[in-house]
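*Asks:*
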Amino acid sequence: MAEANPTGARRTGGPGTTEAFDAVVIGAGVAGMYQVYRLREKGFRVRGIEAGSGVGGTWYWNRYPGARVDSQAYIYQYWFSEELNKAWNWSERFPAQPETEAYLNFVADHCDLRKDFDFNTRVTSARFDESTRRWRIETDTGETLDTKYFITCAGMLSAPLSAAFAGQDSFEGQVFHTARWPKEGVALAGKRVGVVGTGATGIQVIQTIAGQAGHLKVFMRTPQYIIPMRNPKYDDADREAHKAGFQAMRQRVQRTFAGFDYDFPERSFHDMTVQERRAVMEEIWADGSLSFWLASFAEMFVDPAVNEEVSEFVREKMRERIKDPELAAKLIPTTYGFGTHRVPLETRYLEAFLRPDVELVDVREAPIECIVPKGVMTADGTVHELDILILATGFDAGTGALTRIDIRGRGGRSLKDDWNADIRTTMGLMVHGYPNLFTTAAPLAPSAALCNMTTCLQQQVDWITDCILYMESQGHRVIEPTKAFEDSWVAHHDAVADATLVTKTDSWYMGSNVAGKPRRLLSYIGGVGGYRQKCEDVAARHYEGFSLAR
Ligand code: NA7
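According to the working numbering, the residues represented by the sequence shown are 628 to 1177, in order.
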């Protein structure tokens, strides 16, 4: 894999210096790479700042065993260049992390993006200077960047909850959070390995390392509904068909509910007999993708009876695989509805628990109390002795990437303080009080969770780029959403969210995985197509709802 700055040249002046830019972008993931590219191609002086040593964002950091994309390869891609699409060949429907990371490196090479990024550099603070009406950004390498526009492409799942338990430092073995997995890998053979967490990440880890580790203990608090992944290898004919469909697919994903190629059909759940519904569910289940969740029955998100019928279908599918009733009772969810938080795709995850060298520790009964030198101590006083502890404990989603930076807007207001009190944005694109700060993958937009990320991130980058071009064409220096418009967006977001069952289930979608985090559905659930239309309408009305000043 290519490393950062192969020439070793630094483009900023180094510690103690200040350099001026039109735009500074945080992050070299899917969004940051595209944002830097778009602004550079329009002639702006733009600099990207990336904490990692290479491009890839999520696909750079999450290199844990079994990491794999849950969107089909032919839609998890850039849409701005058909040339890129023609030049890249995916090997399978749901590629593993190395292939996705390689794709993003290929894009970086093809578009010559690395020269516009500072790698191994973290933004520590950003302050809006009201006298110059520009942002001053400081990095952990001691540089200051002075910029008109400040754009965060820092990811929605990039602030890992890695200090999960008291006493972690006392552990005599090794501890790894999945999002900070070492590039050189971790030797698991013969080791007593513990995994905490059975979210999308934990499931991928567990199904992959079962049989690799000497003994695996899975600490599970909340069981998951799952969908078995169907992951065929692609041959040349498949790839040619996908390439031929590029333009049509590019249009299609922009208007569906979740930015995928599939969508909820027009048919109504209630107009069908139980047998007809069953047949539909069987058919979509067999597709082995997230379509069973995001393109089956839209009513499952709002109607408890529909949700229960779909949930019971999934439970049945799980029961067929786990004959042991005691194990089934632990692994099959009953306390919340299917699809009310992220549904993972899996491959023989349930079967991992049938192995003699895999043990399920249900921490609903005896929660993890702390980490002790020998392992994990649960509330019943048991010490589960381990050599390696894997934390698949998730992220401070949506907000964490930005609240971990000291961001100060007008009057010195702090984004961390603001979001600690109430998580608010204007369409996930800007925040009142923070002029010329643009955000991607931030709360209150579909890109905060409910989307095929490449679809939503590119849409946001395009909106931001168009907005900046408009500002420049009109000679404006500052843009900021009005409080009234932000209030109306937050109210609309909440109204749409509160009509769904998603707000009734605890998960990172609601911020409930982080103690003290204000409760609000992080992702806009009005649909990707509808959201795009609203964004386009705002732009068409010359940024109605935003104040612009020269
Ligand atoms: P998630 O989905 O937030 O999952 C974190 C898991 O860790 C989940 O099972 C948690 O159980 C568990 N957890 C967290 N803290 C504890 C404690 N203290 N004790 C026991 N178990 C704990 O993160 P992922 O990384 O799996 O997935 C995040 C997204 O990345 C995913 O949705 C995809 O979009 C990609 P809980 O459910 O809170 O009971």
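Beta carbons: idealized from backbone N, C-alpha and C, even for Gly. Fair warning: this is a prediction, and the values are worked out from it, not measured in the lab.
Looking at the strands, I want to know which residues DSSP matches up with M1057.
*Replies:* One-based indexing of the sequence shown puts residue 1057 at position 430. According to DSSP, M1057 bridges with T1053.
*Asks:* Looking at V985 and V813, is the spacing between their C-beta atoms short of 8 angstroms?
*Replies:* In the sequence shown, the residue the question calls residue 813 occupies position 186. In the sequence shown, the residue the question calls residue 985 occupies position 358. No, they are not a contact pair.
*Asks:* Mapping DSSP to helix, strand and coil, what is V990?
*Replies:* As a working mapping, residue 990 is identified with position 363 in the sequence shown. Three-state DSSP puts V990 in coil, outside helix and strand.
*Asks:* Report yes if the C-beta of V823 is less than 7 angstroms from at least one heavy atom of ligand 1; otherwise report no.
*Replies:* What you label residue 823 is simply residue 196 of the sequence shown in a count that begins at 1. Checking the Cβ of V823 against ligand 1 gives yes.
*Asks:* In whole angstroms, give me the CA-to-CA distance for M1057 and V1003.
*Replies:* If you number the sequence shown from 1, residue 1057 lands on position 430. If you number the sequence shown from 1, residue 1003 lands on position 376. Computed Cα separation, rounded: 42 angstroms.
*Asks:* I need the boundaries of the beta strand (DSSP E) containing A650, first residue and last residue.
*Replies:* The sequence position of residue 650 within the sequence shown is 23, counting from 1. Taken as a continuous stretch (DSSP letters only), the beta strand (DSSP E) holding A650 covers T645 to I653.
*Asks:* Using a Cβ-Cβ cutoff of less than 7 angstroms, which residues in the same chain neighbour K1019 once the five nearest sequence positions on both sides are dropped?
*Replies:* Locating residue 1019 in the sequence shown gives position 392, where the first residue counts as 1. It should be noted that the sequence gives Ala, not Lys, for residue 1019. If we look at A1019 and ignore the five residues flanking it on each side, its Cβ neighbours are T805, V822, V823, G824, G826, T828, G829 and V832.
*Asks:* Tell me which residue opens and which closes the alpha helix (DSSP H) that W1157 is part of.
*Replies:* Translated into the one-based positions of the sequence shown, residue 1157 becomes position 530. As written in the sequence, residue 1157 is Gly, which differs from the Trp given in the question. Note, G1157: alpha helix (DSSP H), V1155 to A1167.
*Asks:* Report the option in Q1160, L1149 and G1021 whose CA atom is closest to the CA atom of T1052.
*Replies:* Walking along the sequence shown from the start, residue 1052 turns up at place 425. Closest option to T1052, Cα to Cα, is L1149.
*Asks:* Helix, strand or coil: which one does DSSP assign to T634?
*Replies:* As a first step, residue 634 must be located in the sequence shown, where it is residue number 7. Summary for T634: the model assigns pLDDT 32, below 50, so the residue's position carries little reliability; its value from the coordinates is reported in the next sentence. Note: T634 maps to coil in three-state DSSP.
*Asks:* Once DSSP output is grouped into helix, strand and coil, what is the label at D773?
*Replies:* Reading the sequence shown from its first residue, position 146 is the one you call residue 773. Strand, per DSSP.
*Asks:* On a CA-only basis, which of D1049, Y1097 and S1115 is nearest R1146? Give me that one, please.
*Replies:* Residue numbering aside, residue 1146 sits at position 519 when the sequence shown is read from its first letter. The shortest C-alpha separation from R1146 is found at D1049.
*Asks:* Among E939, N689, L1016 and I653, whose alpha-carbon lies nearest the alpha-carbon of Y852?
*Replies:* Taking the sequence shown and counting its residues from 1, the one referred to as residue 852 is at position 225. It is E939 whose Cα lies nearest to the Cα of Y852.
*Asks:* Among P787, A791, G782 and R749, which residue has its Cα nearest to the Cα of T771?
*Replies:* As a first step, residue 771 must be located in the sequence shown, where it is residue number 144. When each option's Cα is compared against that of T771, the closest is R749.
*Asks:* Just the Cα atoms here: how many angstroms apart are G1027 and G1008?
*Replies:* Translated into the one-based positions of the sequence shown, residue 1027 becomes position 400. Translated into the one-based positions of the sequence shown, residue 1008 becomes position 381. C-alpha separation (whole angstroms): 33 angstroms.
*Asks:* Given the structure, does P994 come close to ligand 1, in the sense that its CB is under 7 angstroms from one of the ligand's heavy atoms?
*Replies:* Indexing the sequence shown from 1 puts residue 994 at position 367. Within the cutoff, so yes.
*Asks:* Going by alpha carbons, who is nearest to Q839 out of V820, P850 and P855?
*Replies:* The count along the sequence shown starts at 1 and reaches residue 839 at position 212. Looking at the Cα atoms, V820 is the closest of the given residues.
*Asks:* Apart from the five residues just before and just after Y961, which ones in its own chain have a Cβ nearer than 8 angstroms to its Cβ?
*Replies:* Locating residue 961 in the sequence shown gives position 334, where the first residue counts as 1. According to the sequence provided, residue 961 is Thr. The question's Tyr does not apply to it. Closer than 8 angstroms at the Cβ level, and outside the excluded window around T961, lie R942.
*Asks:* Are there 16 or more other CB atoms within 10 angstroms of the CB of A790, so buried, or fewer, so exposed?
*Replies:* Residue 790 sits at position 163 when you count from the first residue of the sequence shown. A790 comes out exposed.
*Asks:* Within the continuous alpha helix (DSSP H) that includes G659, where are the two ends?
*Replies:* Mapped onto the sequence shown, residue 659 falls at position 32. It spans V657 to E668 - the alpha helix (DSSP H) in which G659 sits, taken as one unbroken run.
*Asks:* Jot down the residue ranges of each uninterrupted alpha helix (DSSP H) in the region 1070 to 1135, minimum 4 residues, whole runs only, in chain order.
*Replies:* List check, alpha helix (DSSP H) in window: 1080 to 1101 and 1110 to 1125.
*Asks:* Leaving out the 5 sequence neighbours to the left and right, which residues in its chain are closer than 6 angstroms to G1102 when beta-carbon positions are compared?
*Replies:* Indexing the sequence shown from 1 puts residue 1102 at position 475. Excluding positions up to five away in sequence, the list reads R1177.
*Asks:* Starting from A816, follow its DSSP beta bridges and name the residues at the other end.
*Replies:* Against the sequence shown, residue 816 aligns to sequence position 189. A816 is bridged to A840.
*Asks:* By how many angstroms is the C-alpha of E978 removed from the C-alpha of K950?
*Replies:* Locating residue 950 in the sequence shown gives position 323, where the first residue counts as 1. Locating residue 978 in the sequence shown gives position 351, where the first residue counts as 1. Their backbone Cα atoms lie some 10 angstroms apart in a straight line.
*Asks:* Using the beta-carbon count (16 or more within 10 Å), is E973 buried or exposed?
*Replies:* For the purposes of this step, residue 973 is taken as the residue at position 346 of the sequence shown. So E973 ends up on the buried side.
*Asks:* Report back the beta-carbon spacing between T685 and L788 to the nearest angstrom; my notes put them in contact at under 8 angstroms.
*Replies:* On the sequence shown, position 58 is the one that residue 685 refers to. On the sequence shown, position 161 is the one that residue 788 refers to. T685 to L788, Cβ: 16 angstroms. No contact.
*Asks:* Is it true that the region 649 to 657 meets the region 671 to 689, where meeting means three or more beta-carbon pairs spaced less than 8 angstroms apart?
*Replies:* In short, these stretches touch, since the Cβ pair count reaches three.
*Asks:* Closer than 7 angstroms to a non-hydrogen atom of ligand 3 - does that hold for the CB of N1140?
*Replies:* This structure lacks ligand 3; the ligands present are ligand 1.
*Asks:* Quick one: Cα of M628 to Cα of A694, how far?
*Replies:* Locating residue 628 in the sequence shown gives position 1, counting from the first residue. Locating residue 694 in the sequence shown gives position 67, counting from the first residue. Bear in mind that the predicted position of M628 carries a pLDDT of just 31, short of 50, making it unreliable; the figure below should be weighed with that in mind. Those two C-alpha atoms are separated by around 17 angstroms.
*Asks:* Does chain D have any CB closer than 8 angstroms to the CB of C780?
*Replies:* Considering every chain present, this structure includes no chain D. It has just one protein chain.
*Asks:* From what residue to what residue does the beta strand (DSSP E) around I911 run?
*Replies:* As a working mapping, residue 911 is identified with position 284 in the sequence shown. Not the beta strand (DSSP E): I911 falls in the alpha helix (DSSP H), residues V901 to W912.
*Asks:* State whether the region 894 to 905 contacts the region 858 to 876, with contact taken as three or more CB pairs (one from each stretch) at a distance under 8 angstroms.
*Replies:* No, because fewer than three Cβ pairs between the region 894 to 905 and the region 858 to 876 fall closer than 8 angstroms, the two stretches do not touch.
*Asks:* Alpha carbon to alpha carbon, what distance is there between L843 and Q834?
*Replies:* The count along the sequence shown starts at 1 and reaches residue 834 at position 207. The count along the sequence shown starts at 1 and reaches residue 843 at position 216. Straight-line Cα distance between these residues: approximately 11 angstroms.
*Asks:* Give me, in chain order, the residues of the same chain whose beta-carbon lies closer than 7 angstroms to that of W715; leave out the 5 immediate sequence neighbours on both sides.
*Replies:* The residue you call residue 715 lines up with position 88 of the sequence shown. So the qualifying residues of the chain are Y730 and F733.
*Asks:* What is the rounded straight-line gap between the Cα of K810 and the Cα of I1017?
*Replies:* Taking the first residue of the sequence shown as 1, we reach residue 810 at position 183. Taking the first residue of the sequence shown as 1, we reach residue 1017 at position 390. Near 15 angstroms, if we compare the C-alpha coordinates of I1017 and K810.
*Asks:* Run through the region 930 to 985 for me and flag every whole alpha helix (DSSP H) of 4 or more residues, listed as ranges in chain order.
*Replies:* With a minimum length of 4 residues, the continuous alpha helix (DSSP H) runs that stay inside the region 930 to 985 are 931 to 948, 952 to 958 and 976 to 979.
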